[in-house]
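Chains as they are written, first to last, in my numbering: chain B, -11 to 132; chain R, 47 to 140; chain L, 23 to 680.
Structure, as structure tokens:
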Amino acid sequence: MLPKNKVVITVTGLALVALFWIYWVSANPMDEKAMVKFISVQEVLHTENHERVRIGGIVADGSIALSSTNKLEVAFTLKEGDSFLPVEFIGTRPDLFKNGAEVIVEGLYQEGSFHADILQTKCASRYEGDLRDASSYSLDEIEI
Amino acid sequence: MFSFSMLILFFLFSLVFLYSIWPLFKGTIFNPSNSQDMQDALERRKSILYREIQYIDAEYDIGNLDKDDYNLSRIKLVQETSDIIAEIKLISSN
Amino acid sequence: MTPVLGSVSLSLAAGFGILSIILLSLYIRSDDYRFFLAGRRMAIIVSVLVIIATLVLVKELITSNFDVDYVAHYTSIETPTVYKFTALWAGQSGSLLFWIFILSIYSLITIFQNRNRYHRMMPWVLCVILTVQLFFLILTNFITNPFEPTNADFIVANGLGLNPLLQNLTMAIHPPVLYLGFVGFTIPFAFTVAALLTNEKGSLWVRSIRRWSLVTWLALSSGIMLGGWWAYQELGWGGYWAWDPVENASFMPWLTGTAFLHSIIIQEKKNMLRIWNAILIMLTFALTIFGTFLTRSGVMSSVHSFTESSLGPIFLAFVAIIVTVCAVLIFHVLPNLKSNKHIESLTSRESGFLFNNVVFVTMCFAVFWGTIFPVISEAVRGTKITVGPPFFNQVNVPIGLLLLMLTGVGPLLAWRRTSRSNFIKYFSIPIGLALIAAIVFLLSGFRGYVVISLMLSVFVVVAIVTEFKRGIQARVNRFGESSFVAFRTMVRKNRSRYGGYFVHLGIVLMFIGFTGQAFNLKKEFGLGINDREHLGNINFELKQLLEEERPNHFAWISELLVTGNDGNSITTLRPEKRIYFHRDSNPDRRQPHSELDIHSTLKRDIYSVFSSIDADNDIAFFQIMINPLVQFVWYGGSILVLGTLVALWPSRREKLLT
């Protein structure tokens, strides 16, 4: 075989292996947190499945309740449009977490309430534009 | 609504505009692209060749270049360099 | 009055931009040099006008002219002056203006550097730069104008102000440094397009853009690292990289840009891989525009769909046009680009660079795939599937390790082919030591990727040291210099190469830092006074809980005594919980902020966050993390920067050349 063909074949082969690898990881993620469905509050209330999901909404005014014994435990209501979802979360809350904050939660919906192990906030309206970069970083991931 | 500052602005704008289109009125200008670019390119090519020769000398010493490749490449580079030097001499003597 | 000057400058810039492109096109058609001179002058004016507009906005910001909506939105009277200035790039319209500002400066430099040469390429170069400038000018003139007047029925006495989270030095300089990198790739892109269109043979122009690309790359690398540093020091989640769409937006052009930097060495020395290089720089440029789109339109990170403005679709359209035009251009010049030289062996340095390209592009595609997957899944299946760090880590770790290996293998390969004897001569020690290291690590209990990563790190370090030794030895043999003199002269005469090796050393250190993440520990707990908790073999005892009222915030200050299992005191950490605007009668306006405290050593970082407080019972809640080897990332990054500076340092000859 001519050296030139050998090189082309090797490179093409590598490229195919690479594409396959990316596809394979997408289809078989090792961690359940790798690929998570992002659904609406309505959907989570009306479906029976118990898979890990991600939901976005606003913290309903006045709904934040901290546990009296463990200040890391919080319960609040997530509001999306006209739908409401009770959420429980244990962990360090993002600094921007307050009434009216846009939040994203990730976890499991079980027995009438959503048990979140990830709680993220988006920028509050007062600092809308300047947090455009920082908001994506307002991550707080806690394992229960 | 004609304020003094608007007048100044308009005046400055016109000046700037005139400055930029001035070359269009100057009658045909000798296009330097051909001869100047050529000489310029030759000079730079010469500098690059000097560095290339140094480079392959270093590569050969380190062992990254095979002896035959090295000799062949060096001869070619030296040849090209002397060709270019000759050409530069020709152009500048004109 | 002056805001009007700003918007007028922007409009005039757009007008002159169009005129300039027309004149330059006329020159290309007619070869009448007068058109080029006029067109070039107009290009200069476009850049000057943009600079004027930017200076006007800066003036409005610093003098707090709240009649300008942008000023009212992003600053207030209380904002410190330095942050009034940095508000220039805080918001969407300001940052877009900032983009063209930097491009305008680059344009002026390019015009000046090339005022007496490349007469055939320059009109095309300028047209490309002007087109990009025009795109952003259209955006800032018609869609998000930074000089928009404040829309209020009353006189705005004070602005909204800048969030305390952004009021620190790192966050202030991270965007401009990043932009210097992002925007910079426009220039090598413009030259490449020009070279393709004018069928410019020879490697002269490649050498010029190599330096430019290196400066740009340095800025981009620094910008990315500053972002990671800020995230780690300020945000409190204990990490420096989250595979967030905005982060990925800057990482993708970095990947293809790094590949480009390496690959053009081959084009310079051997005139090969020209098609690859053209594609790589086009990809890099397209990715910078795409990256600006990802960051500024908020389309990926938004909880809801597209934001109000039509910015998103326009950016996407521009990217699509760029990609299409570039693809057409490549096909058009393909016959001229094909090199008559071929790679002769898979063990050659040339093929090493080729593999390098493939691996970098693969990683870029993997990141791209993960970043846009949510949009694709929503379009195809109707459900949006978000992609988190575990995916990116799983897919990229093996690819990254492959890159690490190439970093060591590449420099050891010879040109055209590595003979068997040379292979044994140069590879055996690095491979041997790496294998010994692997055995040591395995015996120490490490497994999996950790072992591979550490083993490859050893391999690369030994390979780099070998390279230095070979160079020194060659000079000692030929010129009889002492080792030290040989070392100095060798680096001085070939700064690119040896500077590059320093950069690789920096990368190895960073990989060691990344490997430390496999051993991160995290725990959350509450402590009363004199209570104790432990994480790993470190103990934490709350000694004090203080309250302090400060000028613009209220603070709870904790004092944590950190001790090892042997009882020895390691340090005292003092994380704080602050409340800004604490006097505001509306509790929702009070802004809590955790001020972290980190005890950092080479071996590990002990990272403490004051999460919450039970004020009635005097119990403080903490999030504690133990992150091993993080300092390696920062040290590695610094060496990367230093190595690049070595590579960039002009030698006397270089000054003549450029």
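Note that the Cβ used here is the ideal one computed from N, Cα and C, for glycine as well.
Being a predicted model, the structure only gives us computed values, none of them experimental.
Interface partners of residue i on chain L, CB under 9 Å
i, result
"Lys25 of chain B", "Ser399, Thr405, Lys406, Ile407, Thr408"
"Leu2 of chain B", "Phe377, Val380, Val381, Thr384"
Cβ of residue i within 8 Å of any chain R Cβ
i, result
"Asn561 of chain L", "no"
"Ser441 of chain L", "yes"
"Ile74 of chain L", "no"
"Ala60 of chain L", "yes"
"Ile67 of chain L", "yes"
"Leu664 of chain L", "no"
"Met64 of chain L", "yes"
Cα-Cα separation, residue i to residue j
i, j, result
"Leu123 of chain R", "Phe533 of chain L", "41 Å"
"Phe29 of chain L", "Leu119 of chain L", "Residue identity differs from the one stated: residue 29 of chain L is Ser in this sequence, not Phe. About 11 Å."
"Thr214 of chain L", "Phe57 of chain L", "23 Å"
"Arg212 of chain L", "Leu219 of chain L", "With the sequence shown as reference, residue 212 of chain L is identified as Ala, and Arg is not the correct amino acid for it. Cα-Cα distance, rounded: 11 Å."
"Gly430 of chain L", "Pro614 of chain L", "48 Å"
"Glu617 of chain L", "Ser367 of chain L", "57 Å"
"Ser443 of chain L", "Val663 of chain L", "36 Å"
"Asp606 of chain L", "Thr306 of chain L", "48 Å"
"Ser622 of chain L", "Ile628 of chain L", "6 Å"
"Phe707 of chain L", "Ala308 of chain L", "Because chain L in this structure spans residues 23 to 680, residue 707 of chain L falls outside the shown range and cannot be described."
"Ile151 of chain L", "Val(-1) of chain B", "34 Å"
"Lys625 of chain L", "Leu531 of chain L", "13 Å"
"Leu95 of chain R", "Leu88 of chain R", "10 Å"
Residue i at chain L interface by Cβ criterion, 8 Å
i, result
"Val124 of chain R", "no"
"Ile134 of chain R", "no"
"Arg90 of chain R", "yes"
"Thr(-2) of chain B", "yes"
"Leu58 of chain R", "no"
"Ser66 of chain R", "yes"
"Arg42 of chain B", "yes"
"Asp129 of chain R", "no"
"Leu70 of chain R", "yes"
Below-8 Å beta-carbon distance, residue i vs any chain B residue
i, result
"Pro396 of chain L", "yes"
"Pro171 of chain L", "no"
Within chain R, the residues that residue i reaches when beta carbons sit closer than 8 Å
i, result
"Asn444 of chain L", "Gly109"
"Asn378 of chain L", "The premise fails here: Asn378 of chain L is roughly 17 Å from chain R at the closest Cβ pair, so nothing lies under 8 Å."
"Met294 of chain L", "Under the 8 Å cutoff, chain R gives no residues; its nearest Cβ is about 14 Å from Met294 of chain L."
"Leu226 of chain L", "Ala87, Arg90, Arg91, Ile94"
Closer than 7 Å: residue i CB and nearest the ligand MG heavy atom
i, result
"Phe38 of chain L", "As far as ligands go, the structure on display features none, and thus does not contain the ligand MG."
9 Å Cβ cut-off: residues of chain B touching residue i
i, result
"Glu546 of chain L", "Leu60, Ile78, Gly79, Thr80, Ile130"
Per-residue contacts from residue i into chain R (C-beta, under 9 Å)
i, result
"His575 of chain L", "What His575 of chain L touches in chain R: nothing, since even the nearest Cβ is about 44 Å away."
"Arg229 of chain L", "Arg90, Ile94"
Where residue i meets chain L, residues with beta-carbon distance less than 8 Å
i, result
"Lys141 of chain R", "Residue 141 of chain R is absent from the structure shown; chain R starts at 47 and stops at 140."
"Pro17 of chain B", "Pro412, Phe413, Gln416"
Proximal residues of chain L, C-beta to C-beta of residue i below 7 Å
i, result
"Val13 of chain B", "Phe413, Gln416, Val417"
Beta-carbon neighbours of residue i, restricted to chain B and to distances below 7 Å
i, result
"Asp636 of chain L", "Lys59"
"Leu48 of chain L", "Chain B residues near Leu48 of chain L: none, gap ~42 Å exceeds 7 Å."
Within chain B, the residues that residue i reaches when beta carbons sit closer than 8 Å
i, result
"Leu368 of chain L", "Lys(-6), Val(-5), Thr(-2)"
"Asp610 of chain L", "Lys86, Asn87, Gly88"
### Cβ-based contacts, 9 Å cut-off: residues of the region 28 to 44 of chain L near chain R
Val30, Leu34, Phe38, Leu41, Ser42
message = For the structure I just gave you, are there three or more beta carbon pairs, one from the region 608 to 628 of chain L and one from the region 228 to 245 of chain L, closer than 8 Å?
response = no
For the region 91 to 103 of chain L, list every residue whose C-beta sits within 7 Å of some C-beta in chain B, in sequence order. His95, Tyr96
Original post:
How about the region 489 to 508 of chain L and the region 564 to 578 of chain L: do they share at least three Cβ pairs that are nearer than 8 Å?
Top reply: no
task = Specify whether the region 108 to 124 of chain L and the region 150 to 170 of chain L touch according to this definition: at least 3 beta carbon pairs, one from each stretch, less than 8 Å apart.
result = yes
Original post:
Of all the residues that make up the region 87 to 108 of chain B, which are near chain L by a beta-carbon distance shorter than 7 Å?
Top reply: Asn87, Gly88, Glu90, Ile92
Does the region 501 to 510 of chain L come into contact with the region 469 to 481 of chain L, if we say contact requires no fewer than three beta-carbon pairs (one atom in each stretch) closer than 8 Å?
no
ask   = Is the region 30 to 49 of chain L touching the region 88 to 95 of chain L in the sense that three or more CB pairs, one from each, lie closer than 8 Å?
value = no
Next item on the list: Taking only beta carbons into account, state which residues of the region 480 to 504 of chain L come closer than 9 Å to chain R, listed in chain order.
Entry: Glu489, Arg492, Gly493, Gln495, Ala496, Arg497, Asn499, Arg500
| Contact set between the region 513 to 535 of chain L and chain R, restricted to residues whose Cβ is under 8 Å from the partner | Lys515, Asn516
**Report entry** Positions along the region 47 to 72 of chain B whose CB lies within less than 7 Å of some CB in chain D
**Finding:** The chain inventory of the structure shown lacks chain D, comprising the protein chains B, R and L.
(Q) Counting only Cβ-Cβ distances shorter than 7 Å, please list the residues of the region 425 to 438 of chain L near chain R, keeping chain order. (A) Ala436, Trp437, Arg438
Discussion item. For the structure I just gave you, are there three or more beta carbon pairs, one from the region 362 to 377 of chain L and one from the region 224 to 233 of chain L, closer than 8 Å?
Written reply: no
I'd like to know if the region 84 to 98 of chain B and the region 637 to 653 of chain L are in contact, where contact means that at least 3 CB-CB pairs between them fall below 8 Å.
no
Practice task
Anything in the region 134 to 147 of chain L with a Cβ closer than 8 Å to a Cβ of chain R? List those residues in chain order, please.
Solution key: Asn138, Arg139, Tyr140, His141, Arg142
Does the region 543 to 551 of chain L come close enough to the region 652 to 667 of chain L that 3 or more CB-CB pairs lie under 8 Å?
-> no
- Task: Taking 8 Å as the threshold, find out whether the region 398 to 412 of chain L comes into contact with the region 345 to 353 of chain L through three or more Cβ pairs.
- Result: no
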